Amino acid sequence: MTDEVTQLPRLTGPQAFLPGDADDAPETVVRPRPDVARKASQAPAGAPPGSGDLTDELLTSDQWTDAMLAAAGIPVFDKPLVSVGGGIGSFVTVDYLRIAGVSADRIAVLSNLDFAWQTYEYLTRVSQIPRPERIRSDSASRPDNIWGFPSYALAEAIADRSLKVLWQVLIEPIWADYYTPKAGRVFAGLEREASRIGWSQMLVKGQVRMVRKRQGAGYFVILTPPAGTSPTKRVAFRAEYVHLAVGYPGLRFLPELQDFRTANQDFHHVVSAYEEHEHVYSAARTKPIVVMLRGGGIVSSRVLQRLMDDRANYGLQTEIVHLFRTYISGSHGHNAWNRRKGGNGFAYQGFNYPKSVWGGQLKARMRSLEGEQRAIAYKQMGGTNTPWRRRWQAQMNEGRTAGWYRTLSGTVESMRLDNGKIVSDVKTANGMISIAADYVIDCTGLEADISEHRVLADLLEHSGVGRNPLGRLDVERTFELRGASSGPGVMYASGATTLGGYFPGVDTFLGLQVAAQEIADDLARRGFCRRIGVARSVSQWFRWANNKQP
Ligand SMILES: Cc1cc2nc3c(=O)[nH]c(=O)nc-3n(C[C@H](O)[C@H](O)[C@H](O)COP(=O)(O)OP(=O)(O)OC[C@H]3O[C@@H](n4cnc5c(N)ncnc54)[C@H](O)[C@@H]3O)c2cc1C
284 MTDEVTQLPR
294 LTGPQAFLPG
304 DADDAPETVV
314 RPRPDVARKA
324 SQAPAGAPPG
334 SGDLTDELLT
344 SDQWTDAMLA
354 AAGIPVFDKP
364 LVSVGGGIGS
374 FVTVDYLRIA
384 GVSADRIAVL
394 SNLDFAWQTY
404 EYLTRVSQIP
414 RPERIRSDSA
424 SRPDNIWGFP
434 SYALAEAIAD
444 RSLKVLWQVL
454 IEPIWADYYT
464 PKAGRVFAGL
474 EREASRIGWS
484 QMLVKGQVRM
494 VRKRQGAGYF
504 VILTPPAGTS
514 PTKRVAFRAE
524 YVHLAVGYPG
534 LRFLPELQDF
544 RTANQDFHHV
554 VSAYEEHEHV
564 YSAARTKPIV
574 VMLRGGGIVS
584 SRVLQRLMDD
594 RANYGLQTEI
604 VHLFRTYISG
614 SHGHNAWNRR
624 KGGNGFAYQG
634 FNYPKSVWGG
644 QLKARMRSLE
654 GEQRAIAYKQ
664 MGGTNTPWRR
674 RWQAQMNEGR
684 TAGWYRTLSG
694 TVESMRLDNG
704 KIVSDVKTAN
714 GMISIAADYV
724 IDCTGLEADI
734 SEHRVLADLL
744 EHSGVGRNPL
754 GRLDVERTFE
764 LRGASSGPGV
774 MYASGATTLG
784 GYFPGVDTFL
794 GLQVAAQEIA
804 DDLARRGFCR
814 RIGVARSVSQ
824 WFRWANNKQP
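Right, here's the structure in full:
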């Protein structure tokens, strides 16, 4: 993930769910690209007082008063806690708070999503994990169940009346691949939990524009409701506590892919794995094609699997050229006892970090590291990797033997169109090689800087929050945003925007739950909710099991 990057342009279809931040876009239209989203510093002149929109005074002031909002004519709603985002991160945090005794009418979730797993389901589906396929995380990572019991494997074993997956969990990862749940099971569980905790009661649809401190206490969160649903362009939520879980600030393309797409206006033959790209698989079913894959993470494994499955299932002649920028040819790492397996280009790891990051010695160690030391530790344990799965290995071996799957290590110097093919000029250790392909699929999944997200850019400019050693939002061990407190008010953040903090696994279901637990504990200390001690936990688990409201 060290490549220099440029912004992903013109996504088709998924924009409504991608995390870039359009300002006032109605929910159904394509969202503007994050790269053209205006930065707070270039904000336009404010609206006239009384218009129900942001005035100059509001746009330029770091702290707002109730009188300033009244003068702007923006209606204000009171909610003690507001969660911004409404994806999985908001969901697990609100789930914890509901279990800790906070009633649904004290929480508002502000989001452009209809349901919490909408972005996740979109991204997994296009990157080749439809509902029947298995996701990456493990059996106990249940975003719909804070106890992780019964685990997904146990639930699947009971539903299927089969001990097969329980046996797999028992002998994994030595004698079997890690068990991971099917995406469809995860979504069904989330749907059940959403209705149990009253998610739709708390959900307020719209685009969050900014969060500013309220003079003396708490915050104002400005929401642009969907067109036609509010008499004013903006509404404000006055909250004592704010939680930010806005997901990825944006996704990016490698510069040469971006240049090619822009120069040739070709958004069809060079695609991102995070875009709808079903047409590539359809084309492979009509004629023999060459597909070039870029990237060595789990998304490239998934796309590869789809191409290989289709080849086998429909007797296709698809050829695959897989380009790795960093080619891993064997086990690698700093010391003999702590090496990561690798081979044929890939670095292999069951989950995106070593498991002890979520609850073992690495979690404890990371909590004590600051600054540069923490950045180095992230570098050592992170990096692009993918699980070693028996099925993928067998398919790739077959492809290598038959010659239809080839790997290559190098960097692309340029891309051009030649006779209807996309030719990539690749600099390798043995000199320049030109590869001609019908389609290029970018699986690198590079993320944009947090300042590409309008709400975060505004926070960086107006609230006093800073960046952590990896350049993302700087949070305390409790996930409180440093520098953002406002009187007794506290702002928290969780998810990908906080990567680089004291807890590394933030952008995972379990990581979002660890963050949610820290936030709930902190809020309990502040008297906002009850502490989830043993008695409460046990009684609440029975309520969960019986599908009764918390
Ligand atoms: C392809 C893929 C597969 C993954 N698989 C796994 C897995 O198997 N296991 C695992 O543990 N983790 C996995 N993850 C990582 C992570 O768990 C998910 O990405 C998860 O959805 C992150 O939750 P989130 O709340 O941070 O982001 P999201 O679920 O994306 O929610 C944030 C949402 O906030 C909304 N939003 C943003 N800005 C605004 C605004 N200004 N106003 C209103 N709404 C806004 C957007 O709709 C955005 O989608 C995967 C990630 C990807 C991309």
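To convert, note that position 279 of the sequence shown is 562 in the working numbering; the numbers rise steadily by one, no gaps.
Don't be surprised by glycine CBs; every beta carbon is placed ideally from N, CA and C.
Given the structure is predicted, the values throughout are model-derived calculations rather than measurements.
Measure the C-alpha to C-alpha separation of residue i and residue j and round it to an integer number of angstroms.
{"i": "LEU576", "j": "SER583", "result": "7 Å"}
{"i": "ASP361", "j": "THR338", "result": "21 Å"}
{"i": "ARG608", "j": "LEU341", "result": "47 Å"}
{"i": "VAL586", "j": "GLN411", "result": "6 Å"}
{"i": "PHE825", "j": "ILE382", "result": "12 Å"}
{"i": "ILE611", "j": "LEU527", "result": "37 Å"}
{"i": "THR463", "j": "SER692", "result": "30 Å"}
{"i": "GLN644", "j": "SER651", "result": "11 Å"}
{"i": "SER768", "j": "VAL574", "result": "51 Å"}
{"i": "VAL319", "j": "ARG419", "result": "Because VAL319 sits at a pLDDT of 38, beneath the cut-off of 50, its placement in the model cannot be relied upon, and the point is left open."}
{"i": "VAL789", "j": "GLY778", "result": "5 Å"}
{"i": "ALA308", "j": "LYS516", "result": "Confidence at ALA308 is low in this model, with a pLDDT of 33, below 50, so its placement is unreliable and the value that follows should be read with caution. Rounded to the nearest angstrom, the two C-alpha atoms are 12 Å apart."}
{"i": "GLY666", "j": "THR402", "result": "24 Å"}
{"i": "THR376", "j": "GLN796", "result": "7 Å"}
{"i": "GLN676", "j": "ASN395", "result": "40 Å"}
{"i": "TRP827", "j": "ASN428", "result": "8 Å"}
{"i": "TYR405", "j": "GLN451", "result": "29 Å"}
{"i": "LEU453", "j": "VAL525", "result": "41 Å"}
Does the distance from the CB of residue i to the CB of residue j come in under 8 Å?
{"i": "VAL518", "j": "PRO752", "result": "no"}
{"i": "MET591", "j": "TYR636", "result": "no"}
{"i": "SER434", "j": "LEU793", "result": "no"}
{"i": "LEU742", "j": "VAL367", "result": "no"}
{"i": "PRO514", "j": "GLY489", "result": "no"}
{"i": "LEU606", "j": "ASP725", "result": "no"}
Using a threshold of 7 Å, is the CB atom of residue i nearer than that to any non-hydrogen atom of ligand 1?
{"i": "VAL738", "result": "yes"}
{"i": "PHE536", "result": "no"}
{"i": "THR669", "result": "no"}
{"i": "TYR636", "result": "no"}
{"i": "TYR403", "result": "yes"}
{"i": "PHE792", "result": "yes"}
{"i": "THR407", "result": "yes"}
{"i": "LEU729", "result": "no"}
{"i": "ILE815", "result": "no"}
{"i": "ARG425", "result": "no"}
{"i": "ASN395", "result": "yes"}
{"i": "SER822", "result": "no"}
{"i": "ARG419", "result": "yes"}
{"i": "ALA442", "result": "no"}
{"i": "ILE371", "result": "yes"}
{"i": "LEU795", "result": "yes"}
{"i": "GLY368", "result": "yes"}
{"i": "GLY778", "result": "yes"}
{"i": "GLN411", "result": "no"}
Run through DSSP, which three-state label would residue i get?
{"i": "PHE470", "result": "helix"}
{"i": "GLN632", "result": "coil"}
{"i": "TRP675", "result": "helix"}
{"i": "GLY372", "result": "helix"}
{"i": "ALA305", "result": "A caution first: ALA305 carries a pLDDT of 37, below 50, which makes its placement in the model unreliable, though a value can still be read off. Coil at ALA305, not helix or strand."}
{"i": "LEU540", "result": "helix"}
{"i": "GLY783", "result": "coil"}
{"i": "GLN832", "result": "coil"}
{"i": "SER734", "result": "helix"}
{"i": "ALA719", "result": "strand"}
{"i": "HIS526", "result": "strand"}
{"i": "LYS465", "result": "strand"}
{"i": "TYR597", "result": "helix"}
{"i": "PHE792", "result": "helix"}
{"i": "GLU602", "result": "strand"}
{"i": "LYS447", "result": "helix"}
{"i": "ALA556", "result": "coil"}
{"i": "ALA459", "result": "coil"}
{"i": "LYS646", "result": "helix"}
{"i": "VAL748", "result": "coil"}
Who are residue i's beta bridge partners in DSSP?
{"i": "TRP482", "result": "Note: TRP482 sits in no beta bridge, so no partner."}
{"i": "GLN346", "result": "LYS496"}
{"i": "MET698", "result": "SER707"}
{"i": "GLY714", "result": "THR711"}
{"i": "GLY625", "result": "ALA630"}
{"i": "TYR775", "result": "HIS526 and GLU763"}
{"i": "HIS615", "result": "ARG623"}
Can you find a heavy atom of ligand 3 that lies under 7 Å from the Cβ of residue i?
{"i": "GLN678", "result": "Among the ligands modelled here, namely ligand 1, ligand 3 does not occur."}
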